[in-house]
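Structure first, commentary second.
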Amino acid sequence: VSTIEAGHIKAIAPGHTRSVRVIVQANSTSSNTLVSVQWTLAGTSNSMRTIEAPLVLLQTSTTQFTSTPASVQQHRSPNWLKQSKFGIFIHWGLYSVPAWAPVGQSYAEWYWWRMNHKDDAAFAYHRQHYGEQFEYDDFLAQWKPTAFDPQGWLRLIDQSRAKYFVFTTKHHDGIALFDTHVTDRSTMHLLQPNRDFVKELMDVAETEYPHLKRGLYFSLPEWYHPQYKDDSLGWQGPPLNPYTEQRVPYTGSRTIHDFVNELQVPQFQELVQYKPDILWCDIGGIHNSSVWQSNYFNQALASGRQVAVNDRCGDTSASDFTTIEYKAVTDTPTRFWEATRGMDPYSFGYNRETSPEAYASALDLIKDLVDAVSRGGNFLLNIGPKASGEVPQPMVDRLTSIGSWLDVVGQGVFDSVPYWIAS
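Per full-length UniProt numbering, residue 1 is the first one in the sequence shown, and the count goes up by one each step.
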């Protein structure tokens with residue numbers, strides 16, 4: 001047996017016990033082989049101790065996954081994610097152009113959905129500011145991402161001392177921010193010049209910030225795709241003008257007959273090729289996720305990477321961790337989990353109505369981070385850049401303040417475990 005990665009314990013009280021994770025490579029498949037285990041107490045002399053203990057092989061990491069729910073459900077959350085503690089979410093898309101919602105009441109990224117409901121404030125807001133004949137897709141002509149700066153975004157994330165990020169590749173409006181070959185409803189077709197924002201961000205992250213784990217968000221459903229219908233959600237196309245109730249174009253959409261297998265699964269397979277460490281699903285609903293998940297897990301296995309998916313990829317799919325969105329954690333989940341929220345009182349996408357004073361303070365966000373970590377979870381904090389790509393200054397200030405705090409106390413946050421008496 002050879003040691004691949006030694007284990008470390010930062011502190012242990014007298015009379016207490018702790019589990020230590022050590023990565024070893026076994027030279028045989030036989031269990032109960034006696035191995036020598038050595039440990040050292042830092043800062044002491046003559047502190048080396050050696051014992052012999054049986055090696056018990058619990059599982060193999062070379063098993064191929066098949067495209068069945070039973071197989072992909074065997075996948076488990078990687079240890080690096082549990083050690084990371086702090087990540088940054090990035091919500092950015094066409095919804096960043098209107099960028100409006102009643103502060104503290106609605107998500108700004110749900111603008112299109114809400115403007116289609118007569119009892120919603122967005123219905124009246126849209127008519128007043130844009131007119132009844134201005135469709136959601138008409139915002140495409142106004143989207144000028146002149147300040148999109150992958151280096152700047154990632155530099156800011158690095159300054160926050162976060163260990164990973166998750167970027168929205170496609171939200172519920174169905175507009176993909178990557179080079180998809182199964183629809184023309186993407187920034188590679190609808191923006192001039194064509195842009196693959198996912199590739200631009202992932203390439204910079206891989207070459208200039210390799211220590212940051214890279215995650216990609218993807219919405220399984222699309223609100224108004226003409227071929228999308230999910231009775232469990234009440235979402236279905238085609239899109240209608242909310243004022244005239246006449247059908248309007250779903251810009252860039254191709255004619256298909258099976259939304260899941262002709263669009264949703266192929267787009268997931270395309271995202272796998274960007275080599276994300278996390279595929280962060282949203283909503284769930286109709287799916288065939290075991291197909292792309294098995295491919296994702298097997299590709300990662302072949303390249304020696306450990307990857308993760310969250311719990312929103314659809315019923316019966318793989319689920320490595322629980323997602324808690326914009327709410328306090330009163331009962332700690334029984335398995336690994338991640339809490340996520342924005343700095344905005346209640347929005348992930350940028351909301352032009354939110355004043356700088358209304359954003360959560362750095363102190364409040366640090367408290368959220370500490371609360372999550374102390375309970376054994378991660379904290380995924382969102383930023384919502386403006387349509388131009390500029391990160392609002394209050395968000396910049398909060399991230400740099402959190403980073404300064406973590407520079408001092410990070411050793412007590414990252415790679416930590418809950419104190420078993422308090423938890």
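Backbone N, C-alpha and C define an ideal beta-carbon position, used for all residues, glycine too.
Model, not experiment: these values are computed from the prediction.
Relative to the C-alpha of residue i, which residue among the options is closest?
i: residue 319; options: 330, 335, 163; result: 335
i: residue 197; options: 212, 170, 404; result: 170
i: residue 83; options: 360, 312, 66, 163; result: 163
i: residue 227; options: 256, 367, 50; result: 256
i: residue 81; options: 38, 305, 313; result: 305
i: residue 233; options: 259, 347, 285, 37; result: 285
i: residue 180; options: 393, 100, 267; result: 267
i: residue 241; options: 40, 317, 114; result: 114
i: residue 416; options: 376, 177, 298, 152; result: 376
i: residue 294; options: 192, 70, 379, 362; result: 70
i: residue 97; options: 90, 104, 109, 88; result: 109
i: residue 3; options: 14, 9, 22; result: 22
i: residue 237; options: 248, 224, 76, 231; result: 224
i: residue 142; options: 119, 165, 95, 168; result: 95
i: residue 200; options: 352, 152, 40; result: 152
i: residue 314; options: 40, 182, 292, 301; result: 292
i: residue 388; options: 358, 150, 269, 332; result: 150
i: residue 124; options: 140, 138, 145, 100; result: 100
i: residue 358; options: 72, 104, 211; result: 104
i: residue 156; options: 419, 418, 404; result: 404
i: residue 92; options: 348, 363, 361; result: 348
i: residue 165; options: 128, 251, 383, 130; result: 383
i: residue 251; options: 302, 373, 188; result: 188
i: residue 330; options: 192, 258, 372; result: 372
i: residue 259; options: 235, 128, 167, 118; result: 235
i: residue 333; options: 40, 367, 168, 374; result: 374
i: residue 118; options: 24, 244, 195; result: 244
i: residue 193; options: 168, 301, 140; result: 140
i: residue 138; options: 107, 167, 190, 145; result: 190
i: residue 144; options: 106, 130, 195; result: 195
i: residue 392; options: 418, 354, 408; result: 354
In its own chain, which residues sit with a C-beta less than 6 Å from the C-beta of residue i, not counting the 5 before and 5 after it?
i: residue 406; result: 161
i: residue 112; result: 136, 173
i: residue 400; result: 159
i: residue 102; result: 121
i: residue 50; result: 36, 38
i: residue 176; result: 170, 186
i: residue 341; result: 326
i: residue 309; result: 279, 318, 320
i: residue 270; result: 180
i: residue 77; result: 308, 320, 321, 336
i: residue 5; result: 23
i: residue 356; result: 394
Which same chain residues, not among the five before or five after residue i, have their C-beta less than 8 Å away from its C-beta?
i: residue 276; result: 202, 214, 215, 216, 307
i: residue 365; result: 343, 381, 398, 402
i: residue 390; result: 147
i: residue 134; result: 126
i: residue 369; result: 85, 86, 379, 381, 402, 413
i: residue 246; result: 240
i: residue 212; result: 154, 157, 158, 162, 163, 164, 165, 205
i: residue 75; result: 65, 293, 297, 309, 318, 320
State the beta-bridge partners of residue i as determined by DSSP.
i: residue 329; result: The partner list for residue 329 (beta bridge, DSSP) is empty, contrary to what the question assumes.
i: residue 337; result: 322
i: residue 23; result: 5
i: residue 437; result: What is shown of the chain runs 1 to 423, which leaves residue 437 out entirely.
i: residue 38; result: 50
i: residue 278; result: 215, 308
i: residue 176; result: 170, 186
i: residue 342; result: 382
For residue i, which residues from the same chain have a beta carbon less than 7 Å from its beta carbon, with the 5 sequence-adjacent residues on both sides left out?
i: residue 264; result: 220, 287
i: residue 410; result: 161
i: residue 312; result: 281, 282, 283, 284, 323
i: residue 20; result: 7, 9
i: residue 253; result: 183, 185, 225, 226
i: residue 261; result: 288
i: residue 362; result: 398, 401, 402
i: residue 352; result: 99, 100
i: residue 299; result: 272
If residue i and residue j are in contact, beta carbons under 8 Å, what's the gap, nearest whole angstrom?
i: residue 339; j: residue 379; result: 6 Å
i: residue 297; j: residue 89; result: With 8 Å as the limit, residue 297 and residue 89 do not qualify as a contact, their Cβ atoms being about 23 Å apart.
i: residue 321; j: residue 279; result: That belief does not hold up - the Cβ atoms of residue 321 and residue 279 are roughly 12 Å apart, past 8 Å.
i: residue 68; j: residue 290; result: 6 Å
i: residue 346; j: residue 386; result: Incorrect: roughly 18 Å between the Cβ atoms, too far for contact.
Q) Along the chain, which unbroken stretches of the alpha helix (DSSP H) at least 4 residues long are found entirely within the region 86-149? A) Counting whole runs of 4 or more residues, the region 86-149 contains the alpha helix (DSSP H) stretches 111-115, 121-129.
Subject >> Whole runs of the beta strand (DSSP E) within the region 194-247, excluding any shorter than 3 residues >> reply: Segments of the beta strand (DSSP E) lying fully in the region 194-247: 213-219.
| said: Could you tell me which whole alpha helix (DSSP H) segments of length 4 or greater appear in the region 366-418? | reply: Counting only runs of 4 or more, we get 393-409.
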